[in-house]
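So the protein sequences, as listed, match chains A and B.
Okay, so the first sequence: first residue is 1 according to this note's numbering, each after it adds one.
Okay, so the second sequence: first residue is 145 according to this note's numbering, each after it adds one.
Worksheet: one structure, shown below.
There are 2 protein chains.
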Amino acid sequence: MTTANERVLTIGEVAEATGVTDHTLRYYEKAGLLVVPRLANGQRRYREMDVKAVEFIGHLRRTGMPIRTIREYADLVRSGKDTSAERMRLLEQHRENVVRDLAEQQKHLDGITLKIEWYRAAMDQRQDSGAQFVESLSSAALAQ
Amino acid sequence: MTTANERVLTIGEVAEATGVTDHTLRYYEKAGLLVVPRLANGQRRYREMDVKAVEFIGHLRRTGMPIRTIREYADLVRSGKDTSAERMRLLEQHRENVVRDLAEQQKHLDGITLKIEWYRAAMDQRQDSGAQFVESLSSAALAQ
DNA sequence: TTCCTTGCTAGAGCGCACTCTAAGTCAAGT
DNA sequence: ACTTGACTTAGAGTGCGCTCTAGCAAGGAA
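Right, dumping it as structure tokens:
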């Protein structure tokens with residue numbers, strides 16, 4: 001079922017390929033996110049699936065999933081039992097969180113955009129009608 | 145120009161109103177994000193504009209602007225000079241960063257959604273055709 | 001008066017996710 | 001034989017943004 005002569009990568013090659021430092025790769029492994037096979041001398045050799053796992057961990061991390069939750073997911077994957085339902089539930093829960101966060105960030109971004117537009121209006125105004133406007137602008141900038 | 149009898153709030157009231165703890169409000173002040181007037185006995189009294197500032201800081205923080213950058217902005221606001229152009233530039237720079245981050249997060253979210261759909265397909269498959277599928281599912285879950 | 005609440009300061013502590021250091025192993029190249 | 005470079009470990013250190021503690025002061029209610 002498994003392909004016998006799979007191409008394997010050193011930790012340095014995986015770091016290069018994924019943009020995750022070798023330090024962090026070891027850290028992920030120690031944290032239980034990965035289990036990577038070793039040579040007799042102890043060196044790690046990453047299979048294609050390990051690299052894919054690192055990439056998927058990237059998706060989870062960069063959407064704000066904490067290491068400990070990724071670990072829970074990884075534990076489910078390795079439990080031997082069929083935990084697909086739980087894993088799916090965990091991912092769906094996370095997706096909901098991310099969608100909510102994105103919406104919230106968008107709202108905060110709108111607040112910032114409004115302020116930028118206010119600045120632009122203020123500066124246009126000043127160009128038309130002299131420096132008078134500047135005073136109220138200064139005090140209002142963090143406040144308004 | 146300034147309204148004389150403005151309503152002022154204690155730190156506790158501002159904490160209540162903004163959802164930022166009193167500890168954090170003091171921390172923000174120490175970090176140079178706020179300058180809040182005091183009573184003779186040293187207690188803070190927040191004006192309407194201070195509360196607005198806290199809220200705007202919230203927009204910046206929750207879109208990932210570091211404290212030190214918010215401090216730069218606050219310093220510009222308080223510099224006395226007309227720094228509106230710089231302030232606007234700083235905010236626009238931040239907005240660009242946020243827009244880029246949001247797009248990137250969306251991409252990572254898509255990767256997660258794909259995996260969820262893969263699980264759903266796998267589970268549907270299993271329902272149709274027995275447990276055979278489960279094996280490959282387990283090993284592929286972090287990898288695929 | 002005594003208690004309770006709310007405030008103050010300086011500074012320590014925390015949780016997170018890395019990030020780096022020290023000291024060593026190993027294999028290949030010159 | 002020696003150097004180089006990539007790897008190994010355990011564990012310390014870092015940066016960020018809070019978060020909390022200790023010890024004190026002031027004001028109002030019972």
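Glycine included, C-beta positions come from ideal geometry on N, C-alpha and C.
{"query": "Limits of the alpha helix (DSSP H) - the one that B:Met209 falls within", "result": "Taken as a continuous stretch (DSSP letters only), B:Met209 belongs to no alpha helix (DSSP H), as it is neither H nor E."}
{"query": "B:Leu153 (DSSP reduced to helix, strand or coil)", "result": "strand"}
{"query": "Top-ranked residue by Cα proximity to B:Ala175, from B:Ile214, B:Tyr190, B:Thr162 and B:Gly163", "result": "B:Ile214"}
{"query": "Any C-beta of chain B under 8 Å from that of A:Thr113", "result": "yes"}
{"query": "Residues from the segment 259-271 of chain B in contact with chain A, defined by Cβ distance under 9 Å", "result": "Lys259, Ile260, Tyr263, Arg264, Ala266, Met267 and Arg270"}
{"query": "Short CB-CB distance (under 8 Å) between A:Ala53 and chain B", "result": "yes"}
{"query": "Residues near B:His238 by beta carbon distance below 6 Å, same chain, minus five either side", "result": "Met209"}
{"query": "7 Å Cβ shell around B:Tyr217 - same chain, five flanking residues per side excluded", "result": "Arg231 and Leu234"}
{"query": "Closest Cα partner of B:Pro181 within the set B:Val243, B:Leu153, B:Ala266 and B:Arg270", "result": "B:Leu153"}
{"query": "Interface partners of B:Ala218 on chain A, CB under 7 Å", "result": "Leu142"}
{"query": "Classification of B:Arg212 by the beta-carbon crowding that lies within 10 angstroms, buried from 16 upward", "result": "exposed"}
{"query": "Endpoints, alpha helix (DSSP H) assigned at B:Leu204", "result": "Glu192 to Arg205"}
{"query": "Any C-beta of chain A under 8 Å from that of B:Thr289", "result": "Residue coverage of chain B in this structure runs from 145 to 288, which leaves residue 289 of chain B outside it and unanswerable."}
{"query": "Beta-bridge partners of B:Arg182, as assigned by DSSP", "result": "B:Arg188"}
{"query": "Any C-beta of chain A under 8 Å from that of B:Gln249", "result": "yes"}
{"query": "The alpha helix (DSSP H) enclosing A:Asp22, as first and last residue numbers", "result": "Asp22 to Lys30"}
{"query": "Assigned exposure category for B:His252 - 16 Cβ within 10 Å defines buried", "result": "buried"}
{"query": "Nearest candidate by alpha-carbon position, reference B:Lys196, set B:Ile260, B:Val243, B:Leu169 and B:Gln269", "result": "B:Leu169"}
{"query": "Three-way DSSP call (helix, strand, coil) for A:Ala143 in this model", "result": "coil"}
{"query": "As assigned by DSSP and simplified to three states, the class of B:Ser228", "result": "helix"}
{"query": "C-beta neighbour in chain B for A:Val36, strict 8 Å", "result": "no"}
{"query": "Through-space distance from A:Ala17 to A:Asp110, alpha-carbon basis", "result": "36 Å"}
{"query": "Cutoff 7 Å; reference B:Glu150; Cβ partners in own chain excluding five residues on either side", "result": "Arg191 and Glu192"}
{"query": "For A:Arg126, three-class secondary structure by DSSP", "result": "helix"}
{"query": "B:Leu281 at chain A interface by Cβ criterion, 8 Å", "result": "With a pLDDT of only 42 at B:Leu281, under the threshold of 50, the placement of this residue in the model should not be trusted, and no figure is reported."}
{"query": "Of the listed residues B:Gln187, B:Val198 and B:Gly186, nearest to B:Thr165 (C-alpha basis)", "result": "B:Val198"}
{"query": "Cβ shell of B:Tyr172 (< 6 Å), same chain only, five flanking positions each side left out", "result": "Leu178"}
{"query": "8 Å Cβ cutoff met for B:Leu246 and A:Gln43", "result": "no"}
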